[in-house]
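Chains as they are written, first to last, in my numbering: chain A, 256 to 725; chain B, -9 to 430. Ideal placement from N, C-alpha and C gives every residue a C-beta, glycine not left out. Here the structure is a predicted model, which is why all the values come from computation and not from measurement.
Below, the structure written as structure tokens:
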């Protein structure tokens, strides 16, 4: 076994036991990157000095393990571009709180990973630096926008990784690449130093080989930040403590599998099978019927969330990208690629006088309907089961020409993301012909990361889908 | 010839003198600093930077609202106001749209009440500087001012004359300084005035169908002059049957005239939406009450109080109200035990500060008290001693006495000086002069 194939947990344990040195670990890693990065186009930049920083970190919690960082996290060691030529070569004067915390806990940023430019998309095809390929099958998309980080994990080109999600950007690529991705509660992990996409939903989070790896990374990323007024001063637990608690007695509800686009597909089969696994472990699982009004005991259809999410997100995007006005950063507005221009125009329109009430305000009203619906459901259920995506990874090129590609791919996570809830995607199916994966999305109310980690870890241990967890 | 009635409203921007910025830790005091030396990722609007509101600035805005008699919103929020300008690094200004911190309120003037429409909090922008660098005319941006807390006070269109506008502005200036929330120094740009003016036919009700705004005026006098100028200009246009163009104008000090800056075909579209980076603010009754309780008495009350307790006239009281630093030093001085023991009056202390203390902000009350007491001790010489000294000098200098009596005014000064010399600096000089004049 090559050392780059290790999980975060094993790499830390073995480094501490001195089974191998940092030099050996980083050598295997750099060899693998040299061999495969050009095939998949995962890293935009790499820190060749990473290993020299790792040596001194053996006694820290993360013991000097490398992490791959999505290119919208500001890092002083490497350029930060959000995969857009507008910020080509931009060297930030400060570090994001999330990467700073992870570094303080003893990890080393090994490189910056490709993404949809400005995180606009679910394919990593809209990157100005070229698309990333799915390491499970390079003819297919890795998903996005954190496609580079998910692919880095899938290809064993890192030990741990982080990404960010507004609606699906961690869980959808995790699902398509057959890895684990956790979207924390909005405000659990600081957004300070993460290039803003949709400020009211952006949530940085871990992408890893196992549930436990995600728990370890989350423990060192989360927490109140005085530089981000939307984080809360709630204590951060050691998220690894709950992983062996099991699901006995948990109440679970299955969502969206009666949606006409999903019913009868492999996904439907996979999620129902996953539910069986939980039942065998002592959980109580219900099928929650989908409804058009969200009345008690039903789940409000996700289709409306597409409109809500599109309006809210485009509005915030048009505002957040206003600062790249050509006065600073050395690139004028014409450097924005097609997708960003589309979103800026749509968002500018939805915020305009006479239209804001019709679109933005209305979208916020529907958003509160979803909030109420989830509050109702979580008064009955511990967790909800679904998938981050309506199906398998799509073939390369599938995203072009469809302005709502991402929104359709992320439909199933948009309702819960809009209300700031947490969720985790774990592999739950593999198509033996294409080698493509499906993900099980376990969702919970805000601040309940422990509950989803507990359920996801139990599922991972009870099944064989995750090769690293064996 | 028609007669018209001016309809005037005011927008006033006041920079708060908090320690740090509106949303970051940079110093709020930006005056005369080297360009771009007081900036950080937040006030430069760098990618990934996030605003965190300054509690003190929020508290002070509420304080101002309470002093103006505004209703304080229990729920308030910040919004993004979008427009492009090179001094606005994020492409939007964080301001308040439909839920300002304070609504309503009033300032009484001798011409009638002027109602306050709203008071809200926002961030200041950077500053453009036009310069010539290596022979090229360029525009440079200084971001030191970017992100300084800025309060905007908007009145109803209740003002009817330039005199009333001036009186309102002076009162507002007094309140802001008296609360200690801003220096409101016009020369430094920490108080900026924007009158909006239109005319309607005398006797008509309702707002005219146009409005002219004059931006960024930095003195009460110029504000009054701009209003006067606009009224005359509008009268001429209206008498000609033309409605003045709805526009923004600026005050040209050199020409003593307003000049057109931009015409607004319709209201600018700022695409306001709630600032997602800052959660909405909720204020409890207790919080607002605690600010209310910390409020100093009103300017009028305070003025009456100091006139009474220091036995000074209104003019002097006015000076002190406008100079809160000096007032607080005086308050600190009069209550000192040595001052009380020496029977030194409040008026004496006030006069001392006004005439002898050059920089009140640097004055130490104990030291000033000491100076006053010493000067009084020097003068404490018995009248009989003074008179004896004067008699001696007069008898020793009969020529000077004769000269004076012959009309030589200077001789009196010679005698006066000789008496002072004989007293070796002791004694009240005014008394010496009085007695001397009497004897002569």
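query = Between the C-alpha atoms of residue 375(A) and residue 396(A), what's the straight-line distance to the nearest angstrom?
reply = Locating residue 375(A) in the first chain gives position 120, counting from the first residue. Locating residue 396(A) in the first chain gives position 141, counting from the first residue. If you take the alpha carbons of residue 375(A) and residue 396(A), they lie about 15 Å apart.
request  = Residues of the stretch 610 to 630 of chain A with a CB closer than 8 Å to any CB of chain B: list them in chain order, please.
outcome  = 611, 615
query = Where in the stretch 560 to 634 of chain A do unbroken runs of the alpha helix (DSSP H), each at least 4 residues long, occur, reported from the N-terminal end onward?
reply = 593 to 605, 617 to 633
Sequence-distant residues of the same chain with beta carbon closer than 8 Å to residue 394(B), five excluded per side = The count along the second chain starts at 1 and reaches residue 394(B) at position 404. Taken in chain order, the residues that qualify are 401, 402, 405, 430.
ask   = Does the beta carbon of residue 261(B) sit closer than 7 Å to a beta carbon anywhere in chain A?
value = Numbered from its first residue, the second chain carries residue 261(B) at position 271. Residue 261(B) counts as touching chain A.
message = Alpha carbons only, please: which of 83(B), -3(B), 311(B), 365(B) is nearest the one belonging to residue 173(B)?
response = Along the second chain, one-based indexing puts residue 173(B) at 183. Of the candidates 83(B), -3(B), 311(B), 365(B), the one whose C-alpha sits nearest the C-alpha of residue 173(B) is 311(B).
inquiry  = Less than 7 Å between the beta carbons of residue 592(A) and residue 372(A), yes or no?
reply    = Here residue 592(A) refers to the residue found at position 337 when the first chain is read from its first residue. Here residue 372(A) refers to the residue found at position 117 when the first chain is read from its first residue. For residue 592(A) and residue 372(A), yes; Cβs fall inside 7 Å.
Simplified DSSP state of residue 399(B), which is helix, strand or coil = Locating residue 399(B) in the second chain gives position 409, counting from the first residue. Helix, per DSSP.
query = With DSSP run on the structure shown, which of helix, strand or coil describes residue 475(A)?
reply = Residue numbering aside, residue 475(A) sits at position 220 when the first chain is read from its first letter. Note: residue 475(A) maps to helix in three-state DSSP.
query = For residue 91(B) versus residue 107(B), is the C-beta spacing smaller than 7 Å?
reply = Along the second chain, one-based indexing puts residue 91(B) at 101. Along the second chain, one-based indexing puts residue 107(B) at 117. It is not a contact, given that the beta carbons lie outside the stated cut-off.
request  = Please compile the residues from chain B whose C-beta is within a distance smaller than 8 Å of the C-beta of residue 295(A).
outcome  = Here the question's residue 295(A) lines up with position 40 in the first chain. Those within 8 Å of residue 295(A) in chain B number zero; the least Cβ separation is about 26 Å.
task = Identify the continuous alpha helix (DSSP H) that holds residue 89(B) and give its terminal residues.
result = Here residue 89(B) is taken as the residue at index 99 of the second chain, counted from 1. Run containing residue 89(B): none; DSSP gives neither H nor E here.
inquiry  = Let me see if you follow: with CB-CB separation under 7 Å, is residue 42(B) close to chain A or not?
reply    = On the second chain, position 52 is the one that residue 42(B) refers to. By this cut-off, residue 42(B) is an interface position.
ask   = Comparing the C-beta of residue 267(B) with each C-beta of chain A, is any distance below 7 Å?
value = Here residue 267(B) refers to the residue found at position 277 when the second chain is read from its first residue. True, the Cβ-Cβ gap to chain A drops below 7 Å.
task = Would you please verify whether the beta carbon of residue 578(A) is less than 7 Å from any beta carbon of chain B?
result = On the first chain, position 323 is the one that residue 578(A) refers to. Answer yes: the Cβ-Cβ gap between residue 578(A) and chain B drops below 7 Å somewhere.
Sub-7 Å separation of residue 602(A) and residue 572(A) beta-carbons = Residue 602(A) sits at position 347 when you count from the first residue of the first chain. Residue 572(A) sits at position 317 when you count from the first residue of the first chain. Yes. Within cutoff.
ask   = Looking at the structure shown, is residue 332(A) part of a helix, part of a strand, or coil, going by DSSP?
value = Here the question's residue 332(A) lines up with position 77 in the first chain. Note: residue 332(A) maps to coil in three-state DSSP.
ask   = What separation, rounded to the nearest whole angstrom, lies between the Cα atoms of residue 513(A) and residue 503(A)?
value = Position 258 of the first chain, counted from the start, is the residue given in the question as residue 513(A). Position 248 of the first chain, counted from the start, is the residue given in the question as residue 503(A). Cα-Cα distance, rounded: 26 Å.
query = Which residue comes first and which comes last in the beta strand (DSSP E) that contains residue 541(A)?
reply = What you label residue 541(A) is simply residue 286 of the first chain in a count that begins at 1. Counting along the chain, the beta strand (DSSP E) containing residue 541(A) begins and ends at 539 to 542.
key: Cβ-based burial, residue 120(B) [other Cβ within 10 Å; buried from 16]   = Position 130 of the second chain, counting from 1, holds the residue named residue 120(B). So residue 120(B) counts as exposed.
Proximity to residue 112(B) [Cα-Cα], best of 27(B), 224(B), 48(B) = Numbered from its first residue, the second chain carries residue 112(B) at position 122. Of the candidates 27(B), 224(B), 48(B), the one whose C-alpha sits nearest the C-alpha of residue 112(B) is 48(B).
message = Restricting to runs no shorter than 4 residues, where is the alpha helix (DSSP H) found entirely within the stretch 6 to 86 of chain B?
response = 45 to 57
message = Cutting at 6 Å between CB atoms, please list the residues of its own chain near residue 661(A), excluding the five before and the five after it.
response = Against the first chain, residue 661(A) aligns to sequence position 406. Same-chain partners within the cutoff: 376, 377.
ask   = With a Cβ-Cβ cutoff of 7 Å, do residue 283(A) and residue 308(A) count as a contact?
value = What you label residue 283(A) is simply residue 28 of the first chain in a count that begins at 1. What you label residue 308(A) is simply residue 53 of the first chain in a count that begins at 1. No, they are not a contact pair.
key: 4-residue-minimum alpha helix (DSSP H) runs that sit fully inside the stretch 421 to 505 of chain A, ordered along the chain   = 426 to 432, 466 to 476
query = Among 332(B), 301(B), 341(B), which residue has its Cα nearest to the Cα of residue 319(B)?
reply = Indexing the second chain from 1 puts residue 319(B) at position 329. Checked all of 332(B), 301(B), 341(B); the closest Cα to residue 319(B) is 341(B).
task = Establish whether the CB of residue 349(A) and some CB of chain B are separated by less than 7 Å.
result = Your numbering for residue 349(A) matches position 94 in the first chain. Judged by the 7 Å Cβ criterion, residue 349(A) is in contact with chain B.
ask   = Between residue 53(B) and residue 278(B), is the Cβ-Cβ spacing less than 7 Å?
value = Within the second chain, residue 53(B) is the residue found at index 63, counting from 1. Within the second chain, residue 278(B) is the residue found at index 288, counting from 1. In this structure, residue 278(B) does not lie closer than 7 Å to residue 53(B) by Cβ.
inquiry  = Considering only the alpha carbon of each residue, which of 621(A), 417(A), 344(A), 455(A) lies closest to residue 362(A)?
reply    = In the first chain, counting from the first residue as 1, residue 362(A) sits at position 107. Checking every option, the nearest Cα to that of residue 362(A) belongs to 417(A).
inquiry  = Suppose the cutoff is 8 Å on Cβ atoms and the five residues either side in sequence are ignored; what does the same chain contact list for residue 650(A) look like?
reply    = On the first chain, position 395 is the one that residue 650(A) refers to. Taken in chain order, the residues that qualify are 394, 395, 396.
Three-state secondary structure (DSSP) of residue 296(A) = As a working note, residue 296(A) is residue 41 in the first chain. Three-state result, residue 296(A): coil.
Chain A residues whose Cβ lies nearer than 7 Å to that of residue 70(B) = As a working note, residue 70(B) is residue 80 in the second chain. The contacting residues are 574.
inquiry  = For a quick check, are the C-beta atoms of residue 43(B) and residue 28(B) less than 7 Å apart?
reply    = Mapped onto the second chain, residue 43(B) falls at position 53. Mapped onto the second chain, residue 28(B) falls at position 38. It is not a contact, given that the beta carbons lie outside the stated cut-off.
key: Test: residue 35(B) CB closer than 7 Å to a CB of chain A   = If you number the second chain from 1, residue 35(B) lands on position 45. Yes, its Cβ sits closer than 7 Å to a Cβ of chain A.
inquiry  = Between the alpha carbons of residue 294(B) and residue 338(B), how many angstroms are there, rounded?
reply    = As a position in the second chain, residue 294(B) is number 304, starting the count at 1. As a position in the second chain, residue 338(B) is number 348, starting the count at 1. Between residue 294(B) and residue 338(B), the C-alpha separation is close to 18 Å.
message = Suppose only complete runs of 4+ residues qualify. What are the alpha helix (DSSP H) ranges in the stretch 98 to 153 of chain B, listed by chain order?
response = none
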